[in-house]
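A short write-up of the structure that comes next.
Numbering (my numbering), first residue to last: -7 to 146.
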């Protein structure tokens, strides 16, 4: 999947109906777009504006549905240059980061790692990391054996 494919997906009713879509602002705060029982047309107007906002990252949850995974969660992150990102954090499960398009910069235990399309990065459970949104990028984050989150979203 490349940028244009993902942008087109964001605009679909399928995305609105089946995925939790949020933006991460410059302060690292996550704001869900479809939590106020909005209709599809309202969502379409809001997400169309968000696609062009340079200060925010768009996150789409339940991407594992695309692949029919039942042993991991998957979230897509679409960021512009210098857009918002979560602060340094850890995850209780192993995470695999896959770069789909652009160039993804990650910081893992204080070391910068650059991912090109088709590159993957394994981040072991409880390892400090964060995204560095230095360039436009599209990536998927896989939470391996993330059964707690997986059970919640099913």
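Positions of the beta carbon are idealized from the N, C-alpha and C atoms, including for glycine.
Option nearest residue i by Cα separation, candidates the options
i	options	result
residue 120	85, 93, 106, 25	85
residue 12	56, 83, 118, 82	56
residue 117	82, 17, 42	82
residue -3	68, 127, 17	68
residue 37	62, 4, 20	4
residue 93	50, 33, 129	129
residue 22	62, 43, 64, 79	79
Beta-carbon gap between residue i and residue j smaller than 8 Å
i	j	result
residue 48	residue 73	no
residue 192	residue 54	Residue 192 is absent from the structure shown; the chain starts at -7 and stops at 146.
residue 45	residue 7	no
Beta-bridge partners of residue i, as assigned by DSSP
i	result
residue 38	For residue 38, which the question treats as bridged, DSSP gives no partner whatsoever.
residue 71	49, 129
residue 103	100
residue 93	130
Residue i classed as buried or exposed, judged by whether at least 16 other C-beta atoms fall within 10 angstroms
i	result
residue 135	buried
residue 76	buried
residue 35	buried
residue -6	exposed
residue 31	exposed
residue 133	buried
residue 131	buried
residue 112	exposed
residue 138	buried
Same chain only: Cβ atoms within 6 Å of residue i, ignoring 5 sequence neighbours per side
i	result
residue 2	39
residue 114	88
Other residues of its chain near residue i: CB distance less than 8 Å, five sequence neighbours each side excluded
i	result
residue 216	The structure shown does not extend to residue 216, since the chain spans only -7 to 146, so no value can be given for it.
residue 101	119, 120, 121
residue 24	12, 13, 14
Same chain, Cβ closer than 7 Å to residue i, neighbours up to 5 away in sequence not counted
i	result
residue 108	91, 95
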